[in-house]
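Count along the sequence shown from 1, then add 16; that gives the number in my numbering. A short worksheet on the structure shown next.
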Amino acid sequence: MVSKEERRAALYQKIKELGSVSQSEAVNFPCSAKATVEAIDKGFRITVFSEEDCPGLLVAILETFEELGLDVRDANISCSNKFHLQAIGENERHADEIDAQVLKSAVLKAIKNWSHSQQ
């Protein structure tokens with residue numbers, strides 16, 4: 017039987033591999049994405065949008081979620097011609113240590129770091 021952590025690690029590795037494949041085939045250009053974070057009943061609603069295709073950005077954002085201990089409970093993602101992510105995340109283990117502003121700052125930093133890596 018495979019544990020939840022093992023499944024998560026395997027899925028995360030697949031996402032990283034897919035991101036690296038799509039990034040290697042794409043033209044490198046910076047992405048100007050906008051992010052909003054809203055506190056909701058038991059977590060956060062995170063929205064990231066860009067008019068441009070942003071290969072590899074999803075992986076950068078998911079890595080940020082992981083660093084913060086944020087568990088994604090639901091997500092809608094579109095990466096064709098434009099980038100759009102809407103996710104519901106919870107941080108049950110450290111609920112009092114993270115607020116919407118901290119999360120938004122971390123997501124914006126991930127976008128900025130990813131954008132600089134594309135130049």
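The beta-carbon is built from N, C-alpha and C at its ideal position, and this holds for glycine as well.
Counting the other Cβ atoms within 10 Å of the Cβ of Ile62 gives 16 or more, which makes it buried.
Excluding its 5 nearest sequence neighbours in each direction, Ala49 has C-beta neighbours in its own chain below 6 angstroms: Val64, Ser66, Ile127, listed in chain order.
Counting of Cβ neighbours within 10 angstroms places Val118 among the exposed residues, the total staying below 16. Cβ-Cβ distances below 7 angstroms link Ser94 to His100 in the same chain, with the five nearest sequence neighbours on each side left out; the list follows chain order. Of all alpha-carbon atoms in Ile56, Ser96, Ile77, Leu86, the one lying nearest the alpha-carbon of Lys125 is that of Ile77.
For Leu101, the uninterrupted beta strand (DSSP E) segment begins and ends at 99–106. Close CB contacts of Asn97 within its chain, under the 8 angstroms cut and outside five residues either way in sequence, are with Asp69 (chain order). Counting along the chain, Glu54 sits inside no alpha helix (DSSP H); it lies in the beta strand (DSSP E) bounded by residues 50–56.
Judged by DSSP secondary structure, Ser66 falls within the beta strand (DSSP E) whose first and last residues are 59–66.
If you draw a straight line from the Cα of Ala55 to the Cα of Asn92, it comes to about 18 angstroms. Per DSSP, reduced to three states, the secondary structure at Ile77 is helical.
The C-beta distance from Leu84 to Ile104 rounds to 14 angstroms, too long to meet the 8 angstroms contact threshold.
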